[in-house]
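Following the numbering used here, the numbering of the sequence shown begins with 44 at its first residue and continues without gaps. First the structure, in the form of structure tokens, and then the observations on it.
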Amino acid sequence: MSYTSFDNIGLVKVLSFFQTHDSEYLSGEDLSDVLKISRVAVWKHIKKIQSLGYKIESKQKLGYRLINNTEKLLPWEITHNLKTKLIGKRVYYFEEIDSTQNFAQQIALGKKEDGTIVIAEKQTAGRGRLERKWTSPQGGIWFSLIIHPKFDVSTSTLVPIAGAVALAKSIKSILNIDVSVKWPNDITLHGKKVAGMLVDASFQANNIDYLVLGIGINFDIDSKKLEKRLSKSPNFYGVDSLRKKGDTIPPKSLLKEFLVQFEKILASLHKGEKSKIVKEWMKRAEKLGKKITINTSNGKISGISKGIDNDGALKLKTSKGIMKIFVGDVVVE
Ligand code: BT5
């Protein structure tokens, strides 16, 4: 099943009524009168709402009452009170999809889709960088964000860097966790991967048609199980999950905060504030000043990590001087 932020009007009407009448009993008749929809329609919407993970209790003679909200990242849950101008204002949600990145790319050229996000509860063929796979079980936040930026192609390499900074800040403000960033596009916790990103782009000469930023966040997944499954996969260095047992912060809080933070940092990129963003990234960078080895298409290169330049390229101090690396992975040692 899939849902969007621009249809399901009847369902959202009934749901909002429940949400604004917190834990009050509402009869089917009252709902039908107030919302001007038939009682059958009210009943159908309530059944649907329950199937989406909301807990609605029904009591004879009293009616229905909402007891618990859902954890699903449903479009109307994301757009409700979202404090952005453009980013995340339009949402597509899939219970299951091959890859949100593929769907986002199919719709990216649509005029309305600047700032749109595509979310999935599960992906069956989630993509990593460089043809790798991204495992996406239930409990994660798997989404793609479409943007039509006005800056030129040379700035686009900083988009995943900006995304990582926005995500690290959001994790701190919502979950109070200090994560690190790892070149090129990862977010880590105690050296293990908690989120990864990739960008798909379409360019025309020096203009950007669209960028699709794909982000996978291990919000509440079984990290031990995933580690077992991925231990032989390329570029594996451990998996961690952000929300710990007993923590009740819903995933939508983190996603919404990210959308706000990303809109801010995108505005900063449009103003040309590259070094400000790079500085924010460096503050959280893993292995800065330490010896690392990078796997590149031309083989392995070792040196002291000097962070990144204003294009997002990794700077390595080697015996031959500072080398800049645009594409590669830090080798696990
Ligand atoms: C990435 O690739 O880290 C980019 C991940 C982007 C995923 C998002 S989810 C929404 C959107 N839709 C998509 O189809 N993709 C994007 P890379 O740096 O290449 O890392 C891939 C490697 O990370 C794999 O080879 C595994 O070793 C490891 N891995 C796979 N799934 C993982 C997970 N859930 N958590 C931690 N590590 C994982």
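We put the beta carbon where it would ideally sit given N, CA and C, even for glycine. Because the structure is a prediction, the values reported are computed rather than measured.
Give a yes or no on whether 8 Å exceeds the smallest Cβ distance from residue i to chain C.
i      : result
Thr159 : Note that chain C does not occur in the displayed structure, where there is just one protein chain.
Does the beta-carbon of residue i, which I'm using as the reference point, lie nearer than 7 Å to any heavy atom of ligand 1?
i      : result
Lys299 : no
Gln352 : Strictly speaking, residue 352 in this sequence is Asp, with Gln absent from that position. No, since every heavy atom of ligand 1 falls outside the 7 Å radius drawn around the Cβ of Asp352.
Ser179 : yes
Ile121 : no
Gly257 : yes
Asn338 : no
Arg286 : no
Trp226 : no
Pro279 : It should be noted that the sequence gives Phe, not Pro, for residue 279. True, at least one ligand heavy atom lies under 7 Å from that Cβ.
Phe186 : yes
Gly342 : no
Asp243 : no
Gln247 : no
Leu210 : no
Ser276 : yes
Leu173 : yes
Lys236 : yes
Arg327 : no
What are the start and end residues of the beta strand (DSSP E) that includes residue i?
i      : result
Arg82  : That residue, Arg82, is in no beta strand (DSSP E); its alpha helix (DSSP H) goes 82 to 94.
Ala163 : 160 to 166
Gly106 : 106 to 111
Ser101 : 98 to 102
Phe137 : 134 to 140
Lys225 : 223 to 225
Asp229 : 229 to 232
The alpha helix (DSSP H) that contains residue i, what's its start and end?
i      : result
Thr122 : 118 to 122
Phe61  : 52 to 63
Lys212 : 202 to 218
Phe49  : Phe49 -> no alpha helix (DSSP H), and no H or E assigned at all.
Thr178 : Per DSSP, Thr178 belongs to no alpha helix (DSSP H) and is neither H nor E.
Thr143 : 143 to 150
Glu72  : 71 to 78
Within 10 angstroms of the Cβ of residue i, are there 16 or more other Cβ atoms? Answer buried if so, exposed if not.
i      : result
Lys154 : exposed
Glu156 : buried
Arg82  : exposed
Asn261 : buried
Pro203 : buried
Pro277 : exposed
Ala205 : buried
Lys334 : exposed
Residues in its own chain within less than 6 Å of residue i by CB, not counting five upstream and five downstream?
i      : result
Thr159 : Arg133, Ile189
Asp354 : Thr200
Gly257 : Gln144, Ser187, Leu241
Ile347 : Lys334, Lys360
Take residue i and list the residues in its own chain whose beta-carbon comes closer than 7 Å to its own, dropping the five residues that flank it on each side.
i      : result
Phe301 : Ala209, Leu210, Ser213
Gln181 : Glu164, Lys165
Among the residues of its own chain, which have a CB less than 8 Å from the CB of residue i, if the five just before and after it don't count?
i      : result
His233 : Asp283
Ser311 : Ala205, Lys319, Ile320
Where in the region 242 to 304 do unbroken runs of the beta strand (DSSP E), each at least 3 residues long, occur, reported from the N-terminal end onward? 250 to 260
Report the start-end ranges of each beta strand (DSSP E) in the region 328 to 375 that is 3 residues or longer and not cut off at the edges. 334 to 339, 342 to 351, 357 to 361, 364 to 368
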